[in-house]
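Novice: Take -6 as the starting number for the sequence shown in the working numbering and just add one per residue.
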Amino acid sequence: MPDWKNWIAAAAGLAEEQIDALKRRLDARIGSEPLHIAAYDGFGTPERLALTGRVLEAPGLRAPAEADSAWRNLANMYRRFESDEIAGARVRAHVGGASYETRTDEEGFFSFSIAPAEP
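#1: To which residues of the same chain is T45 closer than 6 angstroms at the C-beta, ignoring the five residues directly before and after it?
#2: Excluding the five sequence neighbours on either side, which residues of its own chain have a C-beta within less than 8 angstroms of the C-beta of D98, listed in chain order?
#3: Whose CA, out of R55, N(-1), S106, V88, lies closest to the CA of L28?
#4: Whose C-beta lies closer than 7 angstroms to the C-beta of S106 among residues of the same chain, with five residues either side of it excluded?
#5: In whole angstroms, what separates the C-alpha of D61 from that of A108?
#6: What does a CB cutoff of less than 8 angstroms around R47 pick up in its chain, not counting 5 residues either side in sequence?
#7: What are the boundary residues of the alpha helix (DSSP H) that includes E75?
#8: Specify, as a first and last residue, the run of the beta strand (DSSP E) that T38 falls within.
#9: Per DSSP, what kind of secondary structure is I79 in: helix, strand or coil?
#10: Exposed or buried, S92, counting other C-beta atoms within 10 Å across all chains shown (16 or more means buried)?
#11: What's the gap between the Cα of E173 and the Cα of S76?
#12: Which residue or residues does DSSP assign as beta-bridge partners of A91?
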């Protein structure tokens, strides 16, 4: 990739980081939108349980209803795509009476790799 493309990509990434940091500061002062945990498919074996997902702001998201029009579904789809990630959020999982905690990365993703005490 030519150097100017690398420079533009780096500048865009830095700009996004700065905007996200400003947004987090504003949210801390005036409050943020409700949060949504998008849980992805996990898997497990007798020795290990893997859980992943993402924490997002959920502005106006609600569960789909049978009576929703195509326009409402389209608007809700856009809201899901456009929702902002939450970096540094604490996420807790409770498995078999034990509690595990992690934090989301800069894009709002989290993962757990849990070795349960008992299968």
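Beta carbons: idealized from backbone N, C-alpha and C, even for Gly.
Specialist: Let's see:
#1: Y33, S104
#2: A80
#3: R55
#4: R41, A43
#5: Spanning the alpha carbons of D61 and A108 requires a straight line of approximately 42 angstroms.
#6: I30, A31, Y33, E78, T97, E100, G101, F102, F103
#7: 63 to 75
#8: Note, T38: premise wrong, no beta strand (DSSP E); not H, not E.
#9: coil
#10: exposed
#11: Outside the displayed range of the chain (-6 to 112) lies residue 173, so it cannot be described from this structure.
#12: The partner list for A91 (beta bridge, DSSP) reads V88.
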